[in-house]
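Right, one structure below, let's go through it.
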Amino acid sequence: MLLTVELFGKFMLYGLLAITAIIVYYAIKLVIRARNVVRESGGYIESKPMKHFHVFLIMIATASVIIYLLKIGLENNVGMLNEVVFLIFPYLALAIFLMGSIYRYKSRGFQVSSLSSEFLERKKLFWGSQPFHWGLLVLFFGHLIAFLFPQSVLAWNGEPIRLLILEVSSFVFALAALTGLVLLIKRRMTNSQILVVSNKMDMLVYTTLLVQIVSGLGVAYFVRWGSSWFAGVLTPYLRSLFAFNPDIAAVSAMPWLIQIHIISAFGLIAIIPFTRYMHFLVAPIDYTWRGYQLVIWNWGRKSIRNSRAHFFGKKPTT
Amino acid sequence: MNIHYRYLVSFLAIGAIFCSSFSSMAQDGATLFKQNCSACHKLGTRLVGPDLIGITEKRQEEWLIKFIKSSQAMIKAGDADAVAIYEEYGQMVMNDQNLSDDEVKAILAYIKSESPSASTGDVAEETVEVEIVPIEYSEEDIKNGLKLFSGQKAFKAKGPSCLSCHNVTNEKLISGGLLAKDLTNVYARMGDAGLAGIIGNPPFPAMATSYEGKELDSTEVAQLIAFLKHADEVSETQEMQIEKSGSSILLLGGGGGLILLFILIGLHWNRRLRKSVKHDIFKRQIKGSDSII
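Listed below in structure tokens is the structure:
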């Protein structure tokens, strides 16, 4: 009885995966064949580029299916799933990130940027980009501090009021990041100039960020006081990964929301080299302390010509 | 160096890392029992879970292996014996043990060696339950236990506070974490011995990781139990106050903070360039063309 129920569940999951894979395979094959037939018979296929919004919707739907399957699989300890997602996948992601970044920087160095669209539209960008980036920056360093100095975080959280301050302020920054992200997605989807400079990987960026931020907010709310248990449970896991002595017993027993947050974090790291995420690595940090740049508009040409104010050193000879 | 050779070496290196991480060391039954079972089970008396003396006589080995690996799966599947045990022990969940068949067999062999021989197997059924003498705790213990629970007083070995993951409904505490079980009435369910076993040697993977190398000492354990006992006794009169509940604090604080953050951002960059960089150039062009016409 027991065996059959267990087996049935596994069969269902693997069956579902296999059927999905087969359907996708045959759908692709069918489309290619149909195109070939049309082409050979001299027909003309209008190559319509897919709308970015549709790509985004498909990616969100795919992400939901993957999350659902992972949730079922992790809750039922299917096969080696725990080892695959918490042990092999992180190393794979880090390897892809490392090698991919070096490759991209060496081969397409001038493309390593976030492809700014500030010149095209800046009003909506301000209210999207500011809360989003401040939110993510604070959260990133919050996670980093909990990873590097778990004891300090625990000491800070000792007094309940300090724990509340830390948790609520992190929640605020997470909400800011989510609000900013939603505004940015809306901006990109509705502005025709910006749609021109978008690509499919941008939609993947939005999808991963949405999954990451929403699952993080879910963890903070439904599995609360994460700032404290992160130091106890997840820091040892991450350290064991970096020490090449992985111990996945604790993460395997965590609630699925946290597991999804971890997996999507490593997924995000893995796609850094192929997306605008690359700008993490070339962030112009020195902008924070460099001096103002002097911009001279030359509309009063006569006054500039006669002015002695602008060139303190040698006058240009031309 | 030949490029293929280099690939081969790197593949071998990666393979070696994975293999080494999967291999587990073989251990003997006594050690395994101590590490994995002794928090809840003792040979000879009933603790949190049943006395295991003579269990190898009472049940089939396959049944035991299945139960140890996933008791909840068996209960869900409707195994009569498993359900009976579950009901008898107040629906306390036994954790799934991450052990191989061989390791379980080693533990069972150890239990068998500690049990009386098969001919006197009935003795195991009649083990007298040790009369539990309730331990008296002082007010001081309860106060210290509360401080340890909330984290106001750090554990000597610097382990995380209980509040991080557990909730206890008590007027002196903010609402606790939701990662692990609510402990308001845990004393009633487990008693002194059970709690001491679990706190001293946690059988739950996340808790074990958190306190690895940071084990609590015996006075801390006693003080925590004192507090949990007190919390259980007064739990009837306690209610979660709305201003101390974590959810409302997070939602209200989060929403308010978000508005504040937006205002701050707006104020700080109040003198930002609001129009396009090209705005003035564009206007000038239009103005110029006007003058020509």
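As given, the protein sequences belong to chains A and B, one line each in that order. The first sequence begins at 70 in our numbering and counts up by one. The second sequence begins at 621 in our numbering and counts up by one. In this text, a Cβ means the ideal position worked out from N, Cα and C, and glycines have one as well. On a predicted model such as this, the values are computed, not experimentally measured, just so you know.
Going by beta carbons, Ile282/A and Ala245/A fall outside the 8 Å limit. Residue range 158–176 is occupied by the alpha helix (DSSP H) that includes Phe158/A. Chain order gives the chain B residues near Val302/A as Ala826, Thr829, Ser830, where near means a beta carbon separation below 7 Å. Think of a sphere of 8 Å around the beta carbon of Phe240/A: the chain B residues whose beta carbon falls inside it are Leu870, Gly873, Gly874, Gly877, in chain order. Boundaries of the alpha helix (DSSP H) around Ser733/B: 721–734. Within a 10 Å sphere around the beta-carbon of Lys175/A sit fewer than 16 other beta-carbons, which makes this residue exposed. The shortest CA-to-CA distance from Lys79/A to any of Leu279/A, Gly169/A, Leu143/A is the one to Leu143/A. Going by DSSP, Ala800/B is part of no alpha helix (DSSP H) at all; its letter is neither H nor E.
The beta carbon of Leu150/A sits closer than 7 Å to the beta carbons of Gly142, Leu143 from its chain, once the five residues preceding and following it are set aside; these are given in chain order. For Leu244/A, a Cβ of chain B is located within less than 8 Å of the residue's own Cβ. In the three-state scheme derived from DSSP, where H, G and I count as helix and E and B as strand, Glu228/A is classed as coil. The beta carbons of Glu236/A and Trp298/A sit no closer together than 8 Å. Taking CB atoms only, Leu310/A has no neighbour in chain B less than 8 Å away. Within the same chain, and ignoring the five residues on either side of Lys732/B in sequence, the residues whose Cβ sits closer than 7 Å to its Cβ are Thr676. Residues are counted here when their Cβ sits less than 9 Å from a Cβ of chain A; for the segment 795–827 of chain B these are Ser795, Gly796, Gly797, Leu798, Leu799, Ala800, Phe824, Pro825, Ala826, Met827, given in chain order. Restricting attention to Phe824/B, Tyr706/B, Ile727/B, Ser658/B, the CA atom closest to the CA of Leu799/B is found in Phe824/B.
For Thr248/A, the chain B residues whose Cβ falls inside 9 Å of its Cβ are Leu878, Phe882, in order along the chain. Residue contact check for Arg666/B against chain A: no CB pair falls below 8 Å. Against chain B, a Cβ distance below 8 Å from Gly360/A picks out nothing, because the smallest value is about 17 Å.
The closest CA to that of His330/A, considering only Lys192/A, Val292/A, Asn146/A, Val222/A, is found on Val292/A. When DSSP states are grouped into helix, strand and coil, Val181/A belongs to the coil group. Within chain A, the residues whose beta carbon sits less than 8 Å from that of Ser896/B are Phe188, Arg191, listed in sequence order. Looking at the backbone, the Cα of Ala130/A and that of His121/A are separated by about 14 Å. In this structure, Phe240/A keeps its C-beta atom at 8 Å or more from the C-beta atom of Gly817/B. When secondary structure is reduced to three states using DSSP, Cys782/B falls in the helix class.
When only Cα atoms are considered, Lys678/B and Ala334/A end up about 48 Å apart. Secondary structure at Leu663/B: coil, using DSSP grouped into helix, strand and coil. Cα atoms of Val207/A and Glu756/B: separation of roughly 48 Å, rounded to the nearest angstrom. With its beta carbon less than 8 Å from one in chain A, Gly866/B belongs to the interface. In the structure shown, the three-state DSSP call for Tyr137/A is helix.
Per DSSP, Trp358/A lies in no alpha helix (DSSP H) segment and is marked neither H nor E. The beta carbon of Ser658/B does not come within 8 Å of any beta carbon belonging to chain A, so the residue lies off that interface.
For Leu337/A, the enclosing alpha helix (DSSP H) covers residues 325–339.
At a cut-off of 8 Å between C-beta atoms, Asn268/A does not count as an interface residue with respect to chain B. Shown here, Leu85/A sits in a helix according to DSSP, grouped into three states. When the Cα atoms are used, Leu803/B and Ala842/B turn out to be separated by approximately 16 Å.
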